[in-house]
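Protein chains in written order, with my numbering: chain A, 8 to 76; chain B, 496 to 638.
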Amino acid sequence: MKNRLKVLRAERDWSQAELGGRLDVSRQAVNAIETGKHDPSLPLAFRIARLFGLTIEEIFDDGQDSGNG
Amino acid sequence: MTGRTAAMDDLGNNPGERAETARKRRARAMIVVSVAIAALIVVGTAIFKRPDQQVAPGWAIAFAFIYVGAMVFGGWRACRQTDEVEARNNRAALVWAACFYGLTYPVWYFLWKGGLVPEPDHMLMFAATVFVAMATYLARRVS
């Protein structure tokens, strides 16, 4: 799943450790999410969205069309 | 500067990095304690080994209690500070180790019953299973 986490983090000049600490996850977890090796759970996705003041859809893109048909 | 102001200023100074540093410190402390307990059991078993290669029942019970206590308390502490990526790595390590044990031991047992190989070495099986778990965990960490 693609995401904008790295861009959002860079905009705030935060290191991976800084973001990890703010989300209560390890630096390795932030790296795994940024590189697409790990898709965060729903609670963590909500925490990330809340931290950046965005919706989950504005950060994560599952590549599916969001139209209703 | 009041205490509250100082605390707020402190919080504003990379609070995430501080939390991450504290997390790393706790993880390191757990590793040190785990290694110390393992060393205590291994060295203790060697020291209190009798000429017949057995350990006195009292010491055997003591080591068993230390091991169970360390595993239960250590596991509980580890779970409290484990994030979901770490939990995923641990889960994969346990699944691979369980598959290894579940396949290897019965095959060795059947071959032993058939008189083809020596009796299964339980210590070797335990060590190999732990090795598979650690290798899987490390492979996921570095990939």
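Even for Gly, the Cβ is constructed at its ideal location relative to N, Cα and C. A quick note: this is a predicted structure, and the numbers were derived from the prediction, not measured.
- About 6 Å separates the Cβ atoms of Y600 (chain B) and P615 (chain B), confirming a contact at the 8 Å cut-off.
- Within the model, the alpha-carbon separation for R19 (chain A) versus Y596 (chain B) is close to 48 Å.
- By the neighbour-count criterion, in which a residue is buried when 16 or more other Cβ atoms sit within 10 angstroms of its Cβ, S638 (chain B) is exposed.
- Taken in chain order, the complete alpha helix (DSSP H) segments of 4 or more residues contained in the stretch 14-54 of chain A are 23-30 and 34-41.
- Each residue's CA atom was taken as its position, placing I532 (chain B) and Y562 (chain B) some 8 Å apart.
- Under the three-state reduction of DSSP, F543 (chain B) is assigned to coil, being neither helix nor strand.
- Counted as a single uninterrupted DSSP element, the alpha helix (DSSP H) harbouring A587 (chain B) occupies residues E579 to K608.
- Under DSSP, N10 (chain A) takes part in a beta bridge, and its partners are A:F67.
- For A17 (chain A), no Cβ of chain B is located within less than 8 Å of the residue's own Cβ.
- In this structure, the straight-line span from the alpha carbon of H617 (chain B) to that of L598 (chain B) is close to 14 Å.
- Nearest to S33 (chain A) by alpha-carbon distance, out of B:E579, B:A593 and B:V527, is B:E579.
- Secondary structure at V625 (chain B): helix, using DSSP grouped into helix, strand and coil.
- Cβ proximity to chain A below 8 Å picks out D578, E579, V580, E581 and R583 from the stretch 567-590 of chain B.
- Listed by position along chain A, the residues whose Cβ is nearer than 8 Å to that of R513 (chain B) are G28.
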